[in-house]
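For reference, each letter of the sequence shown is one residue, going 1 to 219 in the UniProt record's numbering. Just so it is clear, CB atoms sit at the ideal spot from N, CA and C, and this is done for glycine as well.
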Amino acid sequence: MPDDHAAHTAAGPAAESSTDHRKRPRRRGDTLNAAILDATLAELADVGYQELTMEGVAERAQASKASLYRRWPSKATLAMDAAYSALPSPEKVADTGSLRGDLLAMLRDATDQLSGPAGQAILGLMGDALASPERATEIRAHSRGSSLRSARTIVRRAAARGEVDADAITDLQLQTIQALMRHHVISVGIPVPEDAINGIVDEVLLPLFRNAHNARRQS
């Protein structure tokens, strides 16, 4: 696949006509960023991650390629930020009143997101990370750790209700949530069915977190 940034460097911003520039709406800052991210999600929905290009996003957003490259050095980082823009804030995960309910809600929301444009980005990025060590490093560096923060929010709530000891549950244990979902998506596909979500919560996560809680109390 040709490198978007190399193509941009070769063509240069001067390749874009002044006529096209005059036709573009004048936007800056957050307004322009939002338009570009919305255009990226629309492109992901239409063509998928593999066919996503900086040129296509720029055209849909009515923005210059230069404005994209000033903000995102590659298609991967642009797709990541577009996916993040479509996901709920980690601090606003559903509060159902129980640890089990919160975990189920989190996984159901995750499978819904994976079925949409954000999921196209996430799945494509997973493939990129597996295929290229350099791209994997770039993706890790750009990651915001949203899944881990969402899980930590759920555990803090459960601790406040007396269900678990938040200090006994490590980040490695919380990363099990994302790892199990990723494994199912790679090996079976999406959407993740309800029985699989229930199994992840009831057979793995709840015993894991409660055992950590009990071990802490007995130590």
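Only residues of its own chain outside the window of five on either side were considered, and among them LEU148 have a CB closer than 7 Å to the CB of ASP171, listed in chain order. Spanning the alpha carbons of SER146 and ARG108 requires a straight line of approximately 16 Å. Assigned with DSSP and collapsed to three states, GLU138 falls in helix. Classified as exposed, LEU130 has fewer than 16 neighbouring CB atoms from the shown chains inside 10 Å of its CB. When the beta-carbon positions are compared, ALA76 and ILE139 come within less than 8 Å of each other. It is roughly 31 Å from the alpha-carbon of SER89 to the alpha-carbon of ALA215. The C-beta of THR137 has fewer than 16 other C-beta atoms within 10 Å across all chains shown, which makes the residue exposed. With a threshold of 16 other beta carbon atoms within 10 Å, GLU43 meets it and is buried. With a cut-off of 8 Å on Cβ pairs, the stretch 106-126 is in contact with the stretch 45-58, counting three or more such pairs. Closest in alpha carbon position to THR176, among ARG135, ALA61 and PHE209, is PHE209.
Secondary structure note for GLN175: its alpha helix (DSSP H) is the uninterrupted segment 171-187.
In the three-state scheme derived from DSSP, where H, G and I count as helix and E and B as strand, TYR49 is classed as coil. Exclusion of the five residues before and after LEU104 leaves VAL201 as the residues of its chain whose Cβ lies within less than 6 Å of its Cβ.
Shown here for MET106: same chain residues with a beta carbon closer than 8 Å to its own, the five before and five after excluded, namely VAL93, ALA94, SER150, ALA151, ILE154 and ILE177 in chain order.
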